[in-house]
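Written out below as structure tokens is the structure these notes cover.
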Amino acid sequence: MAGFRENLKDVLPSLPSQDDYFLLKWLRARCFDLPKAEAMLRKHVEVRKHMDADNIISWEAPEVIRKYMSGGMCGYDREGSPIWYEVIGPLDAKGLLFSASKQDLLKNKFRDCEVLRHECEKQSQKVIRKYMSGGMCGYDREGSPIWYEVIGPLDAKGLLFSASKQDLLKNKFRDCEVLRHECEKQSQKLGKKIEMVLMVYDCEGLGLKHLWKPAVETYGELLSMFEENYPESLKCLFIVKAPKIFPVAYNLVKHFLSEDTRKKALTPDTGHQNRVLTGEPGTSTGHRALTEGTRYCYRYQQQALGTDTRHRYRTLHRYWVPAPGTDTGLCHQYRALSPGASTGHCHWAPGAGPVQ
Numbered sequence: 018m019a020g021f022r023e024n025l026k027d028v029l030p031s032l033p034s035q036d037d038y039f040l041l042k043w044l045r046a047r048c049f050d051l052p053k054a055e056a057m058l059r060k061h062v063e064v065r066k067h068m069d070a071d072n073i074i075s076w077e078a079p080e081v082i083r084k085y086m087s088g089g090m091c092g093y094d095r096e097g098s099p100i101w102y103e104v105i106g107p108l109d110a111k112g113l114l115f116s117a118s119k120q121d122l123l124k125n126k127f128r129d130c131e132v133l134r135h136e137c138e139k140q141s142q143k144v145i146r147k148y149m150s151g152g153m154c155g156y157d158r159e160g161s162p163i164w165y166e167v168i169g170p171l172d173a174k175g176l177l178f179s180a181s182k183q184d185l186l187k188n189k190f191r192d193c194e195v196l197r198h199e200c201e202k203q204s205q206k207l208g209k210k211i212e213m214v215l216m217v218y219d220c221e222g223l224g225l226k227h228l229w230k231p232a233v234e235t236y237g238e239l240l241s242m243f244e245e246n247y248p249e250s251l252k253c254l255f256i257v258k259a260p261k262i263f264p265v266a267y268n269l270v271k272h273f274l275s276e277d278t279r280k281k282a283l284t285p286d287t288g289h290q291n292r293v294l295t296g297e298p299g300t301s302t303g304h305r306a307l308t309e310g311t312r313y314c315y316r317y318q319q320q321a322l323g324t325d326t327r328h329r330y331r332t333l334h335r336y337w338v339p340a341p342g343t344d345t346g347l348c349h350q351y352r353a354l355s356p357g358a359s360t361g362h363c364h365w366a367p368g369a370g371p372v373q
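Just so we're aligned: 160 in my numbering is position 143 of the sequence shown, and the numbers increase by one with no gaps anywhere.
Quick look at the structure:
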């Protein structure tokens, strides 16, 4: 792919898309024969110039073509691909060829193809909006926005087949901009500078399907994009409900992170969770921020899951909240700060014991 892209660098700006998925289609069409695929793509560039492809959507075909040419979109299949319905039988081919030029007929069909290409791009964005996880769920006690990301149920392979990497990156860049604007609003509202975000990654369900190489590479690019464009914006990253496979997944992406960012990622086995949760010196978040943060995350989960209270406490906090009087308490039931509470202390359910 790198060699193919290098050979085409002079025509890449003329293409409707420059991502790997677009270029891969031309390679597949010529059985990965690089010279043939390159010749095919260069010819396509010439056709686009000849057809004025950048403006063809607004081109109006002659009346006879608009009136008698069949074909049109009629919906989408289950995977979201556009469906084009063409009626062949009633078509008067001879009459059309006597009434319109072949060039106009070809241009009309080229326009249909461009309509479908644009529709596929729109569907790609719809897929991202529908299946990509993540969203704001409140603020910590210091006023920093909290972002909750659900990793486990994400079908990474399906997303990468249904949407371009460029769209996925753009979607996450948009999320970062949303959080940046939210920090600005909080700064004005609270009268102090808010410039960092607290993130929670819910890893329940993380498995081998998430370790697919293209998915790991894409996620690495997302992390790099965040670090390179939003420096010192991460207050703390809590990893919750991490399965046994989590260390493997983390090792695959941690080289994309700076050393400072790695220190802010708190997992069940980092050994820092007790310090952070009790607000001991040496932590960047402290007890107050986490307590308020868990309250909002708890409410977010309550709306999303709609299950009984015990299940909500367990699913959100089982892996990283210490029980009073214990060293680790990673499997103890936890009651989040109630919405009406005025103090910044954690509350435990009466008789709370290990969650089975």
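Beta carbons are placed, not taken as given, at the ideal position from N, Cα and C, and that holds for glycine. Since we're looking at a predicted model, the values are computed, not measured.
Residue i - DSSP class collapsed to helix/strand/coil
i      : result
Lys26  : coil
Asp219 : strand
Glu201 : helix
Leu294 : Unreliable positioning characterises Leu294 in this predicted model, as indicated by a pLDDT of 35, which lies under 50. A coordinate reading is not provided.
Val167 : strand
Pro52  : helix
Gly155 : strand
Val64  : helix
Ala99  : Note that residue 99 is Pro in the sequence shown, not Ala. It is a strand residue.
Lys209 : coil
Gln35  : coil
Val104 : coil
Exposed unless 16 or more other CB atoms sit within 10 angstroms - verdict on residue i
i      : result
His227 : buried
Lys252 : buried
Trp229 : exposed
Gly109 : Gly is not the amino acid found at residue 109; the sequence shown has Asp there. Asp109 should be labelled exposed.
Gly74  : Inspection of the sequence shows that residue 74 is occupied by Ile rather than by Gly. It is exposed - the Cβ of Ile74 has fewer than 16 other Cβ atoms within 10 Å.
Met18  : exposed
Ala46  : exposed
Lys26  : exposed
Met86  : buried
Asp394 : Beyond the ends of the chain as shown, which are 18 and 373, falls residue 394; an answer cannot be given.
Tyr102 : exposed
Phe255 : buried
Lys209 : exposed
Ile105 : exposed
Leu225 : exposed
Lys258 : buried
Cys154 : buried
8 Å Cβ cutoff met for residue i and residue j
i      : j      : result
Pro162 : Glu199 : yes
Gly97  : Gln140 : yes
Pro99  : Cys137 : yes
Pro260 : Leu223 : yes
Phe273 : Leu240 : yes
Asp121 : Ala78  : yes
Met68  : Lys126 : no
Ile145 : Leu185 : yes
Pro33  : Arg134 : yes
Leu51  : Arg22  : no
Val270 : Val233 : yes
Met242 : Lys281 : no
Val28  : Val81  : no
Tyr93  : Lys182 : no
Ser275 : Glu244 : yes
Arg83  : Ser31  : no
Span of the beta strand (DSSP E) around residue i
i      : result
Cys48  : First-last for Cys48: undefined, no H or E at that position.
Gly89  : Gly89 to Tyr93
Lys258 : Neither: Lys258 is in no beta strand (DSSP E) and is coded neither H nor E.
Residue i - containing alpha helix (DSSP H), residue span
i      : result
Pro264 : Phe263 to Val270
Phe178 : Ala173 to Ser179
Gly237 : Lys230 to Asn246
Phe273 : Element bounds for Phe273: n/a, residue is neither H nor E.
Glu136 : Lys119 to Tyr148
Ile82  : Glu80 to Tyr85
Gly112 : Ala110 to Ser116
When the Cβ atoms of the segment 43 to 60 are set against those of the segment 198 to 215, are three or more pairs found closer than 8 Å? The segment 43 to 60 vs the segment 198 to 215: no contact.
Do the segment 106 to 122 and the segment 141 to 155 make contact, defined as three or more Cβ pairs closer than 8 Å? no
Using 8 Å as the cut-off, can you tell me whether the segment 209 to 216 makes contact with the segment 163 to 174, which would need three or more C-beta pairs spanning the two stretches below that distance? A contact exists between the segment 209 to 216 and the segment 163 to 174.
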